[in-house]
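Written out below as C-alpha cells is the structure these notes cover.
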Amino acid sequence: MPRMSGARALLKTLQSEKVEVIFGIPGGAIMPVYDELLNSPIRHVLARHEQAAAHMADGYARASGRVGVCMATSGPGATNLVTGIATAYMDSSPLVAVTGQIPTSMIGRDAFQEADIIGITASITKHNFQPKKPEEVPPMVKAAFRIAETPRKGPVLIDFPRDVQVGEGDVKIPERTDYPRWHFPDRPPEAAVKEAAELLLQAEKPLILAGGGVIAAEASAELRSLVEELRAPLAIALMAKGCFPEDHPLYLGLLGMHGMPYANQALTEADTILAVGFRFSDRTITPDMSLRKDVKLIHADIDVAEIDKNVQATIPLIGDAKKTLRALLSHVKGRVKPRKTEEWLKHLEKLRRRARLPLGPERKGYLKPPKLMKEIRELMPKRGIIVTEVGQNQMWAALYLPVYHPRTFLSSGGLGTMGFGFPAALGAKVAQPDVPVVDIAGDGSFLMNERELATSVKEKIPVIVVILDNRVLGMVAQWQRHLYAGRYSQVHLGLTPDFVRLAEAYGAQGLRVESYQEFRKAFKEALKSDVATVIDVPVSPEENVYPINLPKSLVKTAIQPPT
Amino acid sequence: MSGEAKDQIFALIVENKPGVLFRVTNMIRRRGFNIESITVGTLADPSLSRMTIVIRGDEREVSQVMKNLYKLVETVRVARIPEESSVLRELALIKVKASNPQARADILNYAQIFRARIVDVAEDALTVEITGESRKIDAFLNIVKGFGVKEMARTGITALVRGGKTIEDEDKFGVVRHG
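Protein sequences appear in the order of chains A and B. Residues 1 to 563 in this note's numbering are what the first sequence spells out, letter by letter. Residues 1 to 179 in this note's numbering are what the second sequence spells out, letter by letter.
Okay, here's the thing in C-alpha cells:
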C-alpha cells in the first residue's frame with residue numbers, strides 16, 4: 001500500500017470516481033488539498049463566493065446526471081456553502097461538498113475559522129463524514145459518492161481536518177465500497193405492480209403525474225411509452241419539466257400554484273392517478289386542489305418516506321421509476337381497450353381550448369416576458385439548456401418556454417433559491433460545453449450572485465443571462481398586489497446597476513434591448529460570443545405572472561383594497 | 001388512519017459510531033416530536049447499537065418518523081415494538097428520605113412488595129433499585145413519595161418483542177404494505 005497524505009488520497013479517490021471538475025475557493029484549512037491539486041489532472045473552477053461554487057456543482061450535476069463536487073475552506077467557507085447544499089438537498093441533486101476543517105486537536109476550542117459544519121449540515125445532507133486518519137479518506141470519499149448518487153440522490157459533505165490532509169498513511173483506494181449497508185428496494189413487488197396495472201386499465205379518467213424523480217431515474221422514455229400505451233394525459237411538477245416533450249398531444253401541462261388551470265382541474269377530476277417520482281409538494285398541489293375522495297392513487301417513488309407523507313396512496317410502488325414504469329408497461333401492453341379514455345381526453349382538450357391565459361396590456365417601453373420566452377425558445381436549439389432564477393422569471397419560463405428533453409430545464413424548485421440560476425448555468429455549461437446555456441433571471445435574483453461574472457470570464461464559460469429588468473422583486477410585488485391591496489413594502493430596487501456597464505466592468509458582454517427585434521439580434525450575438533453575455537430587457541414592474549391560483553386560505557387573510 | 005396520539009415504541013439498530021445518536025435525535029426533532037424516552041446499548045456485535053425510543057404521536061406521524069430514520073445511512077433496522085405483545089422494562093434508582101426507624105421499616109416493606117432492592121443505605125436515606133414496566137415504577141413512586149424522594153434516575157424503556165420472533169421478522173415500518 002502506497003504511503004501518501006490525506007490530501008493526495010482525496011484527490012486520487014476523486015480521480016478514481018472520474019471527477020472532471022471541482023468548483024471551489026481555497027482558504028487556510030484546505031490549503032494542503034489545494035497544493036496537491038497542482039499535481040492533479042482535475043480541473044478547478046475558481047468561484048467568487050462559496051455559495052456560487054455549490055450552485056455550480058449542482059448545475060453541473062443536474063445538466064450531466066453525474067455527481068457535482070464543490071470545495072471550500074473551514075468556517076465561513078463552509079457556512080457559505082450551506083444555501084447551495086440545501087438547494088441541492090431539496091431537489092435531490094447529487095453533490096459531494098468537501099470542506100477544510102481546523103486540526104483535530106483544535107476542534108471544539110473555538111479556533112480561528114472553526115464552524116461545526118457537521119452539525120450545521122446534518123439536516124440538509126443525506127450524510128456527512130469527518131475522517132480522523134488519512135487511511136480513512138478513500139473509503140469515506142467512495143462512500144460519499146455512493147450515497148450521493150444512490151436514489152434518492154442528494155448532497156453529502158466531507159469535513160476534512162487539516163492534520164488529516166497533511167498526515168501520511170498507508171492508503172489503499174478501493175475499487176468500490178460496500179458502505180453504506182442499507183439498500184432500498186430496486187423494484188416494487190410484482191403483485192403490487194399487477195394490481196396497479198389493473199387499476200390503470202379500468203380507469204376512465206386516468207392521469208399520470210410526473211415529478212423530478214422521472215428525470216433523476218432517467219425514465220423519460222419509459223414514461224412516454226406508458227403514457228402513449230394508456231392514452232392517459234400527463235401533468236407535471238416544475239421539477240419534471242423536460243421529462244416529456246411539451247408538444248406531445250397527451251401533455252397537459254404544469255400543475256400547481258402557477259399551473260395550467262386545465263391541468264389542475266384534471267387532477268381534481270381524475271378517477272385514477274399514477275404519480276411517479278412526485279412528492280405532492282404544497283406548491284404543486286395547493287390546499288384547494290383536492291383529489292376525488294374515491295380516487296385510486298398509485299404512488300411510485302424510490303423514497304419510502306414519500307409514501308403517505310402528503311397524500312395517502314391506494315397502492316404504493318416503492319422502487320426505481322424506470323423499472324417500475326417498465327413493469328407497469330409490460331402488464332398493460334396490448335390490453336388497453338381502444339378509445340376507453342377518449343371522452344376524458346376530449347373533455348380536457350375542451351378545457352384547454354377554453355383556457356385563456358391573460359397576457360395583460362402591452363406597456364410602452366417594456367417587453368412582455370411571455371413573448372420573450374417564445375423568442376428564446378425559437379432562438380435556442382432544442383437541446384439548449386434553460387436555467388432560471390426564482391420568482392416571476394422562473395414561472396414565466398416554466399409556463400411559456402416549452403422544453404423537450406430531460407436535463408434541459410434547471411430550476412431551484414424545492415428551496416426556491418434566488419441567485420441559483422447564474423452559477424448553476426455556469427456549472428451546466430461546464431458539463432455541456434457544446435450546448436448553449438441561458439439563465440432567465442430577474443434583476444433581484446441576478447444581483448444575488450452577479451459577481452460570478454468574474455468566474456465566467458476568467459474560466460471562459462460563456463453563458464447567456466437574460467435579465468427581465470423590472471427593478472422590483474417581482475413575485476413579492478405581485479403577491480403584495482394580490483394579497484396586500486398593493487401596499488408595497490421593500491420590493492422596489494430603485495436604480496439597479498446599469499447591467500450593460502456592470503457586465504463590461506467584469507470583461508463580459510452587456511447588451512440592452514428595447515424591442516423584440518433588438519432582442520433577437522442580441523441573443524444571436526450572445527450565442528456566438530466566447531464570453532458571458534448579459535442581455536438587459538426592460539420589463540414593467542406592474543407585470544403579473546398568470547395563471548396564478550392563490551390558495552383560498554391565503555386570499556381569506558388578504559388585505560382588501562380601500563373602497 | 002391517523003388516529004389519536006399515544007406513546008409509541010420502536011427499536012432501531014444502528015452503527016455504533018460517534019454522532020449517530022445526534023443524527024437520530026436530530027431527525028426526530030425535525031419532525032417536531034418530543035422524545036419521551038430513549039435507551040441505547042451495544043449489541044453482541046460491538047459495531048452495532050440498539051436504541052429503544054418512545055415518542056408520542058399518532059400512528060401515521062410515527063410511521064413517517066420511522067421511515068425517515070430508516071433512511072439515515074447509519075441505520076440498519078427500524079421496527080415497531082407493539083406494546084401488547086412485548087416485554088417492556090425500565091429501571092429506576094430512587095433515593096428516599098428515611099430519617100427514622102419507622103420510615104426505614106416501611107420503605108423496606110414496600111420495596112419487598114414491589115420486588116425492589118435496597119442498594120444503598122445512608123443515615124438519612126435509602127436508595128431503592130426497582131425494575132419493571134413503567135406503570136409499576138410509577139406506582140412505587142406514588143407510595144414512597146410521602147417519605148420524600150430526594151433524587152431519582154429512570155432509564156427509560158427498553159423492550160423486546162415476546163415469543164421466538166425478533167425485530168428482524170417485523171414489518172419495517174408497520175405501514176408499508178403492498179397491494
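The beta carbon of each residue, even a glycine, is placed where N, CA and C say it ideally should be.
Report task. Output the distance between the C-alpha atoms of A:Y34 and A:G100, rounded to the nearest integer angstrom. Result -> 10 Å
Query raised in the report: Whose C-alpha, out of A:P103, A:H405, A:P134, is nearest the C-alpha of A:M1?
Result: A:P134
Query raised in the report: Between the region 72-85 of chain A and the region 42-55 of chain A, are three or more C-beta pairs nearer than 8 Å?
Result: yes
**Report entry** Residue interval of the beta strand (DSSP E) (run including A:E222)
**Finding:** Element bounds for A:E222: not the beta strand (DSSP E) but the alpha helix (DSSP H), 220-230.
Query raised in the report: Should A:L367 and A:P538 be called a contact, given that it needs their Cβ atoms to be closer than 8 Å?
Result: yes
Report task. Compute the distance between the beta-carbons of A:I386 and A:I461, then report whether it is under 8 Å. Result -> no
**Report entry** Neighbouring residues, chain B, relative to A:R383 (Cβ below 9 Å)
**Finding:** Ordered by position in chain B, no residue passes the 9 Å Cβ test against A:R383, which lies about 34 Å from the chain.
Query raised in the report: With which residues is A:H492 paired in a DSSP beta bridge?
Result: A:V472
Requested in this report: List the residues of chain A whose Cβ lies closer than 9 Å to the Cβ of B:R30, in chain order.
Outcome: Chain A residues near B:R30: S123.
Requested in this report: Consider the Cβ of A:K241: report whether some Cβ of chain B lies at a distance smaller than 8 Å.
Outcome: no
Report task. Anything in chain A within Cβ reach of B:Q64, meaning under 7 Å, just list it in chain order. Result -> A305, K309
Query raised in the report: Does the region 460-474 of chain A come close enough to the region 492-510 of chain A that 3 or more CB-CB pairs lie under 8 Å?
Result: yes
Report task. Between the Cα of B:A5 and those of B:V62, B:D106, B:P18, B:N16, spot the shortest distance and give me the residue it belongs to. Result -> B:V62
Requested in this report: Kindly say whether A:R187, judged by its beta-carbon, lies nearer than 8 Å to any beta-carbon of chain B.
Outcome: no
Query raised in the report: Under three-state DSSP, which class holds B:H178?
Result: Caution is warranted here: a pLDDT of 31 is assigned to B:H178, below 50, making its placement in the model unreliable, and the coordinate value is therefore given only provisionally. Reduced to three states, the DSSP call for B:H178 is coil.
Report task. Would you mind sorting A:I117 into buried or exposed? The rule is 16 or more other CB atoms within 10 Å of its CB. Result -> buried
Query - Beta-carbon neighbours of B:L60, restricted to chain A and to distances below 9 Å - result: First, the residue type needs correcting, since residue 60 of chain B is Arg and not Leu in the sequence shown. Residues of chain A passing the Cβ test: D308, Q312.
Query raised in the report: Mind checking A:Q480: buried by the 16 CB within 10 Å criterion, or exposed?
Result: Buried, by the Cβ-count rule.
Query - When A:L223, A:F145, A:N310, A:M395 are compared against A:P369, the one with the closest alpha-carbon - result: Closest by alpha carbon: A:M395.
Requested in this report: Kindly indicate if chain A contains any beta-carbon less than 8 Å away from that of B:Y70.
Outcome: yes
Query raised in the report: Which residue or residues does DSSP assign as beta-bridge partners of A:K564?
Result: Residue 564 of chain A is absent from the model: chain A starts at 1 and stops at 563.
Report task. Under 6 Å Cβ to Cβ from B:R117, same chain only, skipping five residues before and after it: list those, please. Result -> E129
Query raised in the report: Using a Cβ-Cβ cut-off of 6 Å (strictly less than) and excluding sequence neighbours within five positions of A:K458, which residues of its own chain qualify?
Result: none
Query raised in the report: Which of helix, strand or coil does DSSP assign to B:M1?
Result: Low confidence applies to B:M1: its pLDDT is 44, below 50, so where it sits in the model is not reliable, and the reading given next is rough at best. The answer is coil: DSSP assigns B:M1 none of H, G, I, E or B.
Query raised in the report: Within the 8 Å Cβ cut-off, does B:K95 reach chain A?
Result: no
**Report entry** For B:A11: DSSP bridge partner residues
**Finding:** B:T52, B:A79
Query raised in the report: Should A:A266 and A:L348 be called a contact, given that it needs their Cβ atoms to be closer than 8 Å?
Result: yes
Query raised in the report: Hey, would you say A:M380 sits closer than 8 Å to A:M418, going by beta carbons?
Result: no
Query raised in the report: Taking Cβ-Cβ distances shorter than 9 Å, what residues in chain B pair up with A:K293?
Result: Neighbours of A:K293 across chain B, judged by C-beta separation under 9 Å, do not exist; the nearest C-beta is about 15 Å away.
Query - Which listed residue (A:T104, A:V98, A:G108) has its alpha carbon closest to that of A:A144 - result: A:V98
Query - Under the three-state DSSP convention, the category A:Q312 falls into - result: coil
Query - chain B residues whose Cβ lies nearer than 8 Å to that of A:I147 - result: V73
Query raised in the report: Is the beta carbon of A:D536 within less than 7 Å of some heavy atom of the ligand SAM?
Result: The model on display carries no ligand, and the ligand SAM is accordingly not part of it.
**Report entry** Boundaries of the beta strand (DSSP E) in which A:G68 is found, first to last residue
**Finding:** Here the beta strand (DSSP E) through A:G68 covers 68-72.
Query - DSSP beta-bridge partners of A:R451 - result: A:R451 pairs with nothing; no bridge assigned.
Query raised in the report: Which of helix, strand or coil does DSSP assign to A:E50?
Result: DSSP places A:E50 in helix when its eight states are reduced to three.
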